[in-house]
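Count along the sequence shown from 1, then add 6; that gives the number in this note's numbering.
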Amino acid sequence: MPTEIINYYDGFEGEPEIILTQKDELTTKQIRLWDGYFNAIMNLIKVDPISGRWTHLAYYYHLHIGWYEEDSWQIPDLTSTLKQIHEIQIPETNDMDILVEIQYRIIHFLEDAISNNRTVCIHYE
């Protein structure tokens, strides 16, 4: 089974890594990224304006539930997670270009998983 890997972890070996994986019988796709990039993106998600609380993926992230506890944790609602990632406003500075690129890759990764009816799991290493 071929594996397609998008890698944003090179140069950070020995530091925490986040691995997003989607797969079916024929294909495995992954985004591997340095935990610092993932943290920066997750911290840009705003709380829900109606409830004043974290929702969806941001909820699990901020409460350290899910991929911190399990070997591989399945994101429960890909459509809501996609919406959250899509709504992130990354400041337009030169040092944030990599975050814009990662956001774009994650959006397309989630869209691909949704359109192909695949689950997405997160693994923290």
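Quick reminder that beta carbons are idealized off the backbone N, C-alpha and C, glycines included.
Selected residue, minimal CA-CA separation from residue i, among the options
| i | options | result |
| --- | --- | --- |
| N122 | K29, Y14, F18 and N45 | K29 |
| I112 | I56, W79, Q36 and D77 | Q36 |
| R38 | C127, S86, L116 and E23 | E23 |
| V106 | E10, P8, T9 and Y14 | Y14 |
| E21 | E10, I51, N45 and T99 | N45 |
| I144 | N49, W79, T61 and W73 | What the structure shows of the chain is the stretch from 7 to 131, and residue 144 is not part of that stretch, so it cannot be assessed. |
| I91 | L69, E98, Y74 and H114 | H114 |
| I11 | E19, I25 and G17 | I25 |
Where the alpha helix (DSSP H) containing residue i begins and where it ends
| i | result |
| --- | --- |
| E117 | D103 to S121 |
| L84 | L84 to E93 |
| I47 | D41 to N49 |
Helix, strand or coil at residue i according to DSSP, with G and I counted as helix
| i | result |
| --- | --- |
| L26 | strand |
| I96 | coil |
| R38 | strand |
| V126 | strand |
| W79 | strand |
Extent of the continuous beta strand (DSSP E) run through residue i
| i | result |
| --- | --- |
| H68 | Taken as a continuous stretch (DSSP letters only), H68 belongs to no beta strand (DSSP E), being part of the alpha helix (DSSP H) at H62 to H68. |
| I3 | Beyond the ends of the chain as shown, which are 7 and 131, falls residue 3; an answer cannot be given. |
Integer-rounded CB distance, given that residue j should sit under 8 angstroms from residue i
| i | j | result |
| --- | --- | --- |
| I104 | Y43 | 7 angstroms |
| I120 | L84 | 5 angstroms |
| P149 | T33 | Because the chain here runs from 7 to 131, residue 149 falls outside it and cannot be looked at. |
| G72 | Y66 | 4 angstroms |
| W60 | H68 | 5 angstroms |
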